[in-house]
Each structure stands twice: as structure tokens, then as C-alpha cells.
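A.B. asks: If you want the working numbering, it's the 1-based position in the sequence shown plus 16.
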Amino acid sequence: MRKQTEKQREKQTDGRQTKIKILSLFLLALCTLSTPAQVVPTLYQQADQEEMCRWVDSVYATLTQEEKVGQLFMPIAAPSNSWRSRISEYVRNQKVGGILFSKGTLAQQAEITNFAQNISGVPLLIALDGEWGLSMRLTDAPKFPQNIIVGAITDDSLLTLYGKEVARQCREMGIHINFAPSIDVHTNPDNPVIGTRSYGENPENVARQGIAFARGLEANGVMAVAKHFPGHGDTSDDSHKTLPTIRHSRERLEEVELYPFREYVNAGLSGIMSGHLNVPELKTDGMPSSLTPEIGVNLLKKEMGFGGLTFTDGMAMKGVANQPDASVRSLLAGNDVILGTPNLKKAYESVNGAVANGTLPDSLLEKKVRKILSYKYILGAHRFTPINTRIVHRRIHTPHTTWIQRKIYDNAVTLLKNQNDLLPLKGLDTTRIASVVLGNPSSQAFQDYLKKYGNVDTFQAKTATELSETIDPKEYDLLIISLHDSRAADVASLRQLAGATRFILVFFTMPYVTDQYKTAMEAASSVVLAYDNTPFAQASAAQGIFGGIRFAGKLPVTTSSFPGGSGLLTRKTRLSYSMPEEVGIPSEHLEGIGQIALEGVRQRAYPGCQILVAKDGVVIYEKEFGHFSYGHSPEVTAGTVYDLASVTKASATLPAVMKLYDEKRLALLDPIAKFVPQTKGSDKAKITIRSLLLHESGIKSFIPYYTTAIDPDSYTGQLFGTRSKTYPVKYAGAWARTDYRFLPHLISRDSSEQFPLPVAEGLFASHKMHDALLKDVIASPLRNSGRYTYSCLNFMLLKEAVEQITDSDLDTYAKQQFYRKLGAVTTTFQPLKYYSVEQITPTEEDPFFRKQHLRGYVHDEGAALFGGISGNAGLFSNANDLAKLYQMWLNGGIYGDERYLSRETVKLFTSTKSSMSRRGLGFDKPDPGNSNASPTSPGTPIEVYGHTGFTGTSFWIDPVNNMIYIFLSNRVNPSRSPNRLSTLKIRERIQEELYNALNREKD
């Protein structure tokens, strides 16, 4: 015993801490009449010793014998009004020292706690039996995973964080004690009572994980109570129903069952619960260990040196309930608090009688009561503040809570098999993937998250046999087969379904369920165990498969196919999806973003929008606001697709130019005539690629593209004039006529081989249109060459260069080189070829040129006449898919473990800035010298690069803070005027909210 104490003292290298500990030992003996040789729990050491002793002495001096005896009892009660009279009796008649509530809701328990504390003369200790938090007992509390899932986690700091969060919730509920962790070592798969309550089968892991969680509890002021001493993990009986027997040698008990408890005691934790177990090797002689001094006194307190508070397990359990004088014997066996006696009045009278006749010495009673009172002081029971039942639900359910829930699953999901390093998946452009869900239909989150990463077809059925009738595996290169309940599937049909196709097997079940699928796992290329079928588990598994998060979990128990501790590690290769807390920003610090976005909807700056923020490779904010149109229309979702307008320049044309530059197929000082032969002999021939990217070519900002298509002989006078019958419609700020006709050799109302280019619904252009438009672009007046003038024509010429070099259209090249590999499914030109019009937001009501409300056709007139594929506009996408391209740039040209561009090329294009404007090489940038004209917020670093779009879109990439900000809207629906998005500075204000949040965390 002395050696253990000296070893513990050696860990206290700081002299001041050593003095405090010595003082604590002395005062512990003084206040509680304890043995100084015992390990003093950290909570006790950290208390104000003098104040604690003063408070304990003052309360103890007022107690009668009956009140002292009452302090030893903690009945179990339901937090409902029907229990009020019984609770009142417990407090007033038996003078109980605490209450363990079970079942009910948050508000019910808060209300009954207020009631009980109000009527008690001595503050009550309120306890929770919450091995995985409040939700183990309270139906509307946040649900954390069971311990076997937590047992897969290798990051102890996360378990401590989890413990702190559970403690925070306990404090909000007026709870002082949590009967957790369960540090029973689960070595018996047939154990009927421990099972998923244990962290696993490895004693070292169980000890480490249980201690980490307990430290979190106690760091936030809630006593941890480890259970069920001396270890309930290897039993085939349930102590609720009978007295289980553990038949192991002392050597085995020391190595397995007792090991976590010794470590727990030495870690300085405060509470232990004694189980009702028959352990012959520990001399229980057929009696419950909770009633055996050999275990509770000699082993736990004298040999192990435990100096904290000891609780019995529930005394109504059949393993102890039939024992005579059980309450008195439990106290003599070393327990300090008697939990849940079946007949409190009888037990209370029995203990009082034992004190009166000397069976329970006064000195022992005083020692126990003083210790209980000390912990009432330490845990703050003497400072009880009534719980506000109206806000308790909101106080418990916080964004931080949700983040902890997600984080646990992210770290628990386990990769058990991974042939040829299949995961995380690569080659998305060449792999046809299907998600095949078997069993429980609640699998939406899994498939939704899979689709965030790429093109995944989804199928679902109750059995593999049923599913085989709806899917042909040969149509796919990879199947992701997921099982969502514990019922055995038709394994033969499962293997037949997979056939020769590679497949990943994902279990949303507990580990032992996998034993039914041994042959299927042998055939699988990869096997993932997610342990649970919650949306959090499904999200984590999907992200692990695609590399959004790394697989890091370790199997906590042995199964028929995998030994305990199995688990392969992978790397993070793609964006993950989490919450602001993941990067150290409280969610509430970003609440202003939503308020500004909704202001824009209310002020009719746009009918709806998408906003995405990613930081450090994590999407921390992805929300949608409003609708497709004003009035009754679909709500914007994450899958909604927007016309990007000039964001096309930086998201299609520019990456193509960067790729060609990287491959040395194009140089920045090359003249455009080198690639676009139509410019030879013109005043545009010598314009360099660099000048076009910087908008320093001298080309004018705009030409009226529609005049190329309109027959000038079809009307008299001008196209635009003063409002009148001749000029009845307003277009782009001017009044226009509508009685013109298109040139028949360029425009047709019908699609045909001669007119294949879609301009709008019922409007098609001929191949000749391309040459006619390009001719007009080249013929446009050239102004001051080398001076800055922003012009879409620059990027039209760059697109021509790309297509000449690659011998393919820009859409095809961008998809082959970027979008398909990135998994950017929605990012495309001519979107109606690839997805439903219902997925696309409308843009402008065009009364002049296309004479329709545009939807699925590019808004920009010039891009429309090019058939929807142009260097300046025409790209459509949602925010999520754009973020993949932008993250690739932030990563220095790599994404999904595949290199797209060299780091040097990315740095050159993203960091270069013009000497005469705010522009970069194809990118827009902040203008710190002119905040009113700057496209970004005042707090935006000058290193940021991005672009805006006329339809109400923008993106900004911040290499300083490793952050992406994307804003997509259809502000031109139904009209481009007025531009309230600009006048209200919605995008800039949202960006400023981001930087305010970042700066708050830095401060």
C-alpha cells in the first residue's frame, strides 16, 4: 500500500501540488475520519479544504442519528408527479441523502429535482445512471452511442471531451453524480447484462477509455462512479435476476477484471459502485461481493487504496435482494451509499437499529456521513439553484452537443478489410458506383452523404433476393452494400447479387452481427463496421469510404472473422462535412449568416440562395434559404443548381488554362493568334494569354451579341427607344421592340442537325452562329491596350484557345480533367442534358430576346448563342460540387489523392496580381484601397482570390485562413433590376460575419 502511494506521489513533480496533496490527506482524515494511506481523489484535492471542513462540521453538528443514517440512502425514483408523495416521504421521513432518478423527460426531472431539493433540509445528491449520457434514462435527451461504440475510439482526448459534455448536461439538470463509466471487461459474448455497456474486451483499453471519460465528467464537476466492482464482464447471468458467479483465478482477475479498477483508483477518480457478484477466489463464500468486507474493505480500500465514495448497485436486484440485513451488511462491507433498496422504510429502520445496538459503530457512521457531506460540498450541492424548466431543453440540446455526437462516430467507424487499398475511393470518373441498402429503410443519411462525393445510384430492399430483381450488378464497377439491422440477410443471395463485381460491405450493426456474414466478408473487397444505424453513423461511414474523414477505429471485441483491436488506418483525402465546432468556431458565432441571408429574401434581393463555407478541409456551414422564385415555388435544397454566370470564367475556363499551362501547351506570354487562327491579321492577334486573364487586352467590355442573330431587315428604326407601342418591353434598363425576326440561317425554332445549339426553349442556333459571333468579337473595337477593362470577350477568346489546343469543347475538357474526377456531378454546361429542369432555379424573365422565363438555359445572351458553352458564362452547379474544385486549389492542386495541377502552377495563378487593378490571373481579388468598390468584405485578407457572377453568385478562397466561401443565388429572377444583392451588400456582409467569427476565436 505504501509503495502505491509513493508511486503516485512521484507523479506530482510540482512542489506546490505535493503540498496541497499532503494537506488534503490530512484534512480528509480530519473531515471524514478516513485513512491517510488511501489515494485521495482529485476532486477532493481541488476543493477548498478549510471551507469544506467548516461546512461539513456545521452541517454534521445539526444532524440527529436518524438524519445521519438517512444520508446513507439513495432511493431510485421516477421524475413524475405521481412520485411526488413518495419522494416527499423519502426526504421528510427517511431523511435520504440523495435520489437517483430514472426514466422520464428533461422537464419532468428538472421539475421534480426542484421539488425535492426545496423540501430537503440537507442538500440532496442527485444521481444519474447514464453510461452514455442523459438519454440512457431521459427520452428527450441527446442520444450518445453505447459504450462498445466508444470503445472503438483511440483518441482519449475525445472521450474526455465527451465526458465533459455529459457533465455539462448533468449540471444543467442539477445532477451531481453519474454512475459511469462501466469498466467491466467484456470477455463473454453471451453476457446478458453488460454487452454493449462495456468498452470492450481489452483490459488496458477499457481502463484507458473509462478513465478518459471519467476525467471529463469530473473536470466539469460531476462525480464519476466506475462499475461494477470487482468486474461483471465475464458472466452468463444477470445480477438483476440472480447472483452471477465469476470463476477465475486471482491471477486472471488481476490481469482482466481488476485491472481497470486499479488504474481508475490510481488516476484519482472519485466513485466506485460495488456489484452483486459471487467471486469465490475473492472469498465471497457464495455471498454477493457488495456484502463482502473481504472485497469492499480489504481489497478495494486497503489493498487498492480507494479513498473515494463507494455505492452499492441497486439493492432491489435479485442478486442481493433476498439477503438478510443487506443494507447493514453492505455498509459493513465498505459501501458508503445504499442505492435503491426495495423497502426503504424497512432498510432505514434496520440501519438505525444496527447503530443503536452497536452492530454499525458510531465511528463508522460518522466516517461515512462526513465523507458524503464532503462530496456534497465538493459537487456544489450546497449551492443549488432551481432549474429553469422552460429553457432546460434548449440548454441541453446545443450545437456543441451535436458536434460531439458526430465526432464520436467519425472516430469510431472501423475499416476491417481493405484489399488493394480500395478505400478511400479513387478514380471517380471511371468507376460506376451503386449503393445497395439491405434491411431497415432508415438509410437516407448514408445514401445522401455518398452522393455528396460523386455519382452514386441508389437501390433499397428488405432482402438481397428482392434487390437482385431490381439491379444488374454487371452495370456497375463497384457496389456499396450496406446492412442496417441485425436480422440475418440471405447470404447466398447477397453473394449472388455481388457476383463478380467488386463490393464494399458496410455494417450498421453491432460487431457480433458480422458473424452471420463470414463468407460475404471474405468475398468483399472492403469491410466497414459503423456499429449503429443512426444518421451520424451513416454520415461517418459514407465520409470514410470517400476519404472525407480517415478511418481510425479499432474493433473493441473479437468476432469470428476479426480479432479485437483490428482496424486499418486511412488518410483524409477529400472534403468532410461537419460543424463549425470542428474547426474551433462555435455555431452561434455564425448565426448572423442566416439572418443576413433571410434579410436578402425578405428584401427581394433574391428568392433563395445556397451558402457553403469550408475551413481546413471541412464543410462547416452548408445551408439553403428561400425558394426558387417569389411566391409559391420549391424550396432551395443542397441539390439545387444555379446558373453561375461569370463564376464560369474562374471555374471552367481558368482551370482549363491552368492545366494547359501546367502541361506546357500554353504560356502566359503566348499571343492569342497562336491558338485562335481567326485572330491572325486582326488587332487582337498579339494580345497575350496573360493580358486576357488580367483583363488588360484593351477589348471593350461588351458587345450586343443578339444583333448577330437578329435580321436587321425585319424591322424599321432602332431596336431600342422610348417606351411606346413600338418599344413595349423593358430589357437591361432600356425599352425594346419585339417585332423583329431572327436570321433564318442562324436561328430556328426547331432542333435539327443544322441547328443543334440550344439557345432557349424552342430556340436553336446553327453551327454557323459560332463563327459569326467569334467574327463579331474579333471585329469589336480595341481600346487602350494594356489598360484594365473587365470584359467577357477576353474569356470567350480564352475558351477558343482551350478548344483549339485540346480539340474538344470546353465542357468536355473541363469534365474530363476536373469535374468527373472531383465528383462534381452537378457542375456542367447545358444542364438540361444531364438532370431535370426541376433541379434548376429560374433566372430572368426575358421579354425581348428569348421571350421566356429562362430555366436551365444560360442567362448570358452571348453564351446562349454559343449554345450554352462559353468561356465567360454557361456553367451550372450547386455549391457543394464547386467546393471540390476550390478545395483542390487550396490543397495546392491535389484532391481525392489525385493531382490535378502542380503546386507551382496553383501558386502562380492564385497569387499573381495586376499592377494596375485588383485583378489576378483570371481571378478577382479584394480592393483594400477602395472598400466601396471591393467585391469582398473589409476584413478579407488581400491574399483571397475568387470571382462573382451577374446572376447573384460568388466564391472566395482564403489561403491565409484555409477557407472557402460560396454564395449562389438567382437574384435576376424575375428581373436583373434593381440589384438589391449589390446595394444591400449581402455577400460582403456574410463574408464579414465569417471573419468576425474567426477573429473572435483568435482573440
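Quick reminder that beta carbons are idealized off the backbone N, C-alpha and C, glycines included.
Thinking just about the alpha-carbon of each residue, which of Asn109, Ser918, Gly146 is nearest to the one in Ser136?
C.D. replies: The residue given as residue 136 occupies position 120 in the sequence shown. The residue with the shortest Cα to Cα distance from Ser136 is Asn109.
A.B. asks: Go through the stretch 722-763 residue by residue and report every complete run of the alpha helix (DSSP H) that reaches 4 residues or more, in order.
C.D. replies: 722-725
A.B. asks: So His409 is in the alpha helix (DSSP H); what residue range does that whole segment cover?
C.D. replies: As a working mapping, residue 409 is identified with position 393 in the sequence shown. His409 -> alpha helix (DSSP H) spans 408-412.
A.B. asks: Assuming Asp827 is part of the alpha helix (DSSP H), what are its boundary residues?
C.D. replies: Here residue 827 is taken as the residue at index 811 of the sequence shown, counted from 1. Note, Asp827: alpha helix (DSSP H), 826-830.
A.B. asks: Skipping 5 residues on each side, what residues in its chain have a beta carbon closer than 7 Å to that of Gln903?
C.D. replies: Counted from its first residue, the sequence shown places residue 903 at position 887. Only Leu591, Ala630, Gly633, Tyr911, Ile980 meet the Cβ criterion.
A.B. asks: Reducing DSSP to helix, strand and coil, say where Lys631 ends up.
C.D. replies: In the sequence shown, the residue the question calls residue 631 occupies position 615. In this structure, Lys631 counts as strand in the three-state DSSP scheme.
A.B. asks: Buried or exposed: where does Val976 fall if 16 or more other Cβ atoms within 10 Å of its Cβ makes it buried?
C.D. replies: Locating residue 976 in the sequence shown gives position 960, counting from the first residue. Classification of Val976: exposed, given that the 10 Å Cβ count is below 16.
A.B. asks: Looking at the unbroken beta strand (DSSP E) that takes in Ser970, where does it start and where does it end?
C.D. replies: What you label residue 970 is simply residue 954 of the sequence shown in a count that begins at 1. Taken as a continuous stretch (DSSP letters only), the beta strand (DSSP E) holding Ser970 covers 969-974.
A.B. asks: Taking its Cβ as the centre, do 16 or more other Cβ atoms sit within 10 Å of His761, making it buried, or is it exposed?
C.D. replies: Mapped onto the sequence shown, residue 761 falls at position 745. Exposed is the call here.
A.B. asks: Are the stretch 201-210 and the stretch 245-257 touching by the rule of at least three beta carbon pairs closer than 8 Å?
C.D. replies: yes
A.B. asks: Could you give the DSSP three-state label for Glu914: helix, strand or coil?
C.D. replies: One-based indexing of the sequence shown puts residue 914 at position 898. Note: Glu914 maps to strand in three-state DSSP.
A.B. asks: Give me the Cα-Cα distance between Gly883 and Val841, rounded to the nearest whole angstrom.
C.D. replies: Stepping through the sequence shown from its first residue, residue 883 is reached at position 867. Stepping through the sequence shown from its first residue, residue 841 is reached at position 825. Using only the alpha carbons, I get a separation of about 21 Å.
A.B. asks: Work out the CA separation of Gln61 and Leu1014 for me, nearest whole Å.
C.D. replies: For the purposes of this step, residue 1014 is identified with residue 998 of the sequence shown, where counting begins at 1. For the purposes of this step, residue 61 is identified with residue 45 of the sequence shown, where counting begins at 1. The alpha-carbon atoms of Leu1014 and Gln61 are separated by roughly 37 Å.
A.B. asks: Alpha carbon to alpha carbon, how far is Pro650 from Glu816?
C.D. replies: Numbered from 1 along the sequence shown, position 634 holds the residue referred to as residue 650. Numbered from 1 along the sequence shown, position 800 holds the residue referred to as residue 816. Going by the C-alpha atoms only, they are around 37 Å apart.
A.B. asks: Measure the C-alpha to C-alpha separation of Asn294 and Val313 and round it to an integer number of angstroms.
C.D. replies: What you label residue 294 is simply residue 278 of the sequence shown in a count that begins at 1. What you label residue 313 is simply residue 297 of the sequence shown in a count that begins at 1. Each residue's alpha carbon lies about 16 Å from the other.
A.B. asks: Please state whether DSSP places Tyr902 in a helix, a strand or coil.
C.D. replies: By one-based count along the sequence shown, residue 902 stands at place 886. DSSP places Tyr902 in helix when its eight states are reduced to three.
A.B. asks: Hey, how far is the Cα of Val55 from the Cα of Phe562?
C.D. replies: The count along the sequence shown starts at 1 and reaches residue 55 at position 39. The count along the sequence shown starts at 1 and reaches residue 562 at position 546. Take the alpha-carbon of Val55 and the one of Phe562: they are about 48 Å apart.
A.B. asks: On the DSSP bridge assignment, give the partners of Ser290 in chain order.
C.D. replies: Numbered from 1 along the sequence shown, position 274 holds the residue referred to as residue 290. According to DSSP, Ser290 bridges with Phe245, Thr328.
A.B. asks: Check for me: the beta strand (DSSP E) holding Asn221 runs from which residue to which?
C.D. replies: As a working mapping, residue 221 is identified with position 205 in the sequence shown. Where Asn221 is concerned, there is no enclosing beta strand (DSSP E), although the alpha helix (DSSP H) it sits in stretches over 219-235.
A.B. asks: DSSP puts Arg518 in a beta bridge; with which residues?
C.D. replies: Reading the sequence shown from its first residue, position 502 is the one you call residue 518. DSSP output for Arg518 lists Leu494 as bridge partner(s).
A.B. asks: Take every Cβ of the stretch 570-590, pair it with every Cβ of the stretch 431-446, and state whether three or more of those distances are shorter than 8 Å.
C.D. replies: yes
A.B. asks: I need the boundaries of the alpha helix (DSSP H) containing Met12, first residue and last residue.
C.D. replies: Because residue 12 is not part of the residues shown, which for the chain are 17 to 1019, the question remains open.
A.B. asks: Looking only at its own chain, which residues have a Cβ that is under 6 Å from the Cβ of Asn1012, when we skip the five neighbours before and after it?
C.D. replies: Against the sequence shown, residue 1012 aligns to sequence position 996. None.
A.B. asks: By the DSSP assignment, the alpha helix (DSSP H) with Met68 in it spans what residues?
C.D. replies: Sequence index remark: in the sequence shown, residue 68 carries index 52 (1-based). Unbroken alpha helix (DSSP H) run through Met68: 65-76.
A.B. asks: Closest to Arg411 by CA distance: which of Glu181, Gly564, Ser343, Pro276 is it?
C.D. replies: Mapped onto the sequence shown, residue 411 falls at position 395. When only C-alpha atoms are compared, the closest one is Glu181.
A.B. asks: So, using beta-carbon positions, are Ile612 and Phe983 closer together than 7 Å?
C.D. replies: For the purposes of this step, residue 612 is identified with residue 596 of the sequence shown, where counting begins at 1. For the purposes of this step, residue 983 is identified with residue 967 of the sequence shown, where counting begins at 1. No; because the gap between Cβ atoms is not below 7 Å, this pair is not in contact.
A.B. asks: Run through the stretch 118-157 for me and flag every whole alpha helix (DSSP H) of 4 or more residues, listed as ranges in chain order.
C.D. replies: List check, alpha helix (DSSP H) in window: 122-135.
A.B. asks: For Met537, write down the residues that DSSP places opposite it in a beta bridge.
C.D. replies: Locating residue 537 in the sequence shown gives position 521, counting from the first residue. Met537 is not bridged to any residue.
A.B. asks: Using only alpha-carbon positions, find the residue among Ala77, Pro720, Gly190 that is nearest to Glu127.
C.D. replies: Taking the first residue of the sequence shown as 1, we reach residue 127 at position 111. Cα-wise, what sits closest to Glu127 is Gly190.
A.B. asks: Quick one, which of Thr258, Asn218, Asn800, Pro197 has its alpha-carbon nearest Lys716's?
C.D. replies: Counted from its first residue, the sequence shown places residue 716 at position 700. Out of Thr258, Asn218, Asn800, Pro197, Asn800 has the C-alpha closest to the C-alpha of Lys716.
A.B. asks: Would a C-beta distance cut-off of 7 Å place Ala546 and Ala555 closer than the cut-off?
C.D. replies: Residue 546 sits at position 530 when you count from the first residue of the sequence shown. Residue 555 sits at position 539 when you count from the first residue of the sequence shown. No, the pair does not count as a contact, with Cβ atoms beyond the cut-off.
A.B. asks: So, at 6 Å on beta carbons, what are the nonlocal neighbours of Ile1006 in its own chain, with the 5 sequence-adjacent residues on each side left out?
C.D. replies: Start at 1 with the first residue of the sequence shown, and residue 1006 comes out as number 990. Take Ile1006, set aside five residues on each side of it, and the residues of its chain with a beta-carbon closer than 6 Å to its own are Ile609, Ile612, in chain order.
A.B. asks: Per DSSP, Ser458 forms a beta bridge with which residues?
C.D. replies: Within the sequence shown, residue 458 is the residue found at index 442, counting from 1. Answer is none; Ser458 lacks a bridge partner.
A.B. asks: With H, G and I counted as helix, E and B as strand and the rest as coil, what does DSSP make of Asn877?
C.D. replies: Here the question's residue 877 lines up with position 861 in the sequence shown. As written in the sequence, residue 877 is Glu, which differs from the Asn given in the question. Look at Glu877 here: in three-state DSSP terms it is helix.
A.B. asks: Near Glu861, what residues of its chain come up, given a Cβ to Cβ distance below 7 Å and the 5 sequence neighbours on each side ignored?
C.D. replies: On the sequence shown, residue 861 is found 845 positions in, with the first residue counted as 1. So the list reads His869, Pro990, Ser991, once near-sequence residues are dropped.
A.B. asks: For the candidate residues Thr530, Tyr469, Tyr646, whose alpha-carbon lies nearest to that of Tyr593?
C.D. replies: On the sequence shown, residue 593 is found 577 positions in, with the first residue counted as 1. Nearest of Thr530, Tyr469, Tyr646 to Tyr593, Cα basis: Tyr469.
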